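When you line the sequence shown up against the working numbering, it's residues 23 to 142, in that order.
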Amino acid sequence: MLSIHLHNLTLFAHHGIYQEEKLLGNAFELNITINYQPLSLPVKHLSDSIDYVAVYELVKKRMAIPTPLLETVITEMATEILAQFSLAEEVFITIRKKYPPIAQMEGSVGVSFTLKRTTT
23 MLSIHLHNLT
33 LFAHHGIYQE
43 EKLLGNAFEL
53 NITINYQPLS
63 LPVKHLSDSI
73 DYVAVYELVK
83 KRMAIPTPLL
93 ETVITEMATE
103 ILAQFSLAEE
113 VFITIRKKYP
123 PIAQMEGSVG
133 VSFTLKRTTT
């Protein structure tokens, strides 16, 4: 099993339930790990792997869609990754809202989600 990682991605988006979040937006940090079984070892061609540039483009596109809940964003993103990348067996994603609109709070809030491909 191999893994590709996209770590510390920072994207600006308009996710949130409050009007100010929808209007002003926020910075989000994402960490993504995709586990897969390569078609052959050693991996010598991108076609035998998962293209992290394509993963990044998918993530960027999904983050651009304003959504009230990060739970919706993260589960849809994981589902899209498994649908688009047939080699992917498992995806683990964490999304952090870097500046949540919580009075007197310092720090971030976020969600994590793991999705495994099911075999039927």
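Just so you know, even glycine gets a beta-carbon here, dropped at the ideal spot from N, CA and C. Since we're looking at a predicted model, the values are computed, not measured.
DSSP bridge partner residues for residue i (one or two, in chain order)
{"i": "H27", "result": "T55"}
{"i": "F135", "result": "I115"}
{"i": "F50", "result": "L33, K119"}
{"i": "A110", "result": "Y58"}
Three-state secondary structure assigned by DSSP to residue i
{"i": "L33", "result": "strand"}
{"i": "A125", "result": "coil"}
{"i": "R73", "result": "Contrary to the premise, residue 73 reads as Asp rather than Arg in this sequence. If DSSP states are grouped into helix, strand and coil, D73 belongs with coil."}
{"i": "L80", "result": "helix"}
{"i": "I103", "result": "helix"}
{"i": "I96", "result": "helix"}
{"i": "K66", "result": "coil"}
{"i": "L45", "result": "helix"}
Under 8 Å between C-beta atoms of residue i and residue j
{"i": "T106", "j": "L137", "result": "The sequence given here has Gln at residue 106, not Thr. Contact: no."}
{"i": "L109", "j": "Q59", "result": "yes"}
{"i": "I117", "j": "L46", "result": "no"}
{"i": "I56", "j": "S25", "result": "yes"}
{"i": "L33", "j": "M85", "result": "yes"}
{"i": "V113", "j": "I124", "result": "no"}
{"i": "H29", "j": "T89", "result": "no"}
request  = Spell out a yes or no on whether the stretch 86-103 and the stretch 130-142 are touching, meaning 3 or more CB-CB pairs, one atom from each, closer than 8 Å.
outcome  = yes
message = Tell me whether the stretch 67-74 and the stretch 33-49 touch, counting them as touching only if at least three CB pairs, one residue from each stretch, are closer than 8 Å.
response = no
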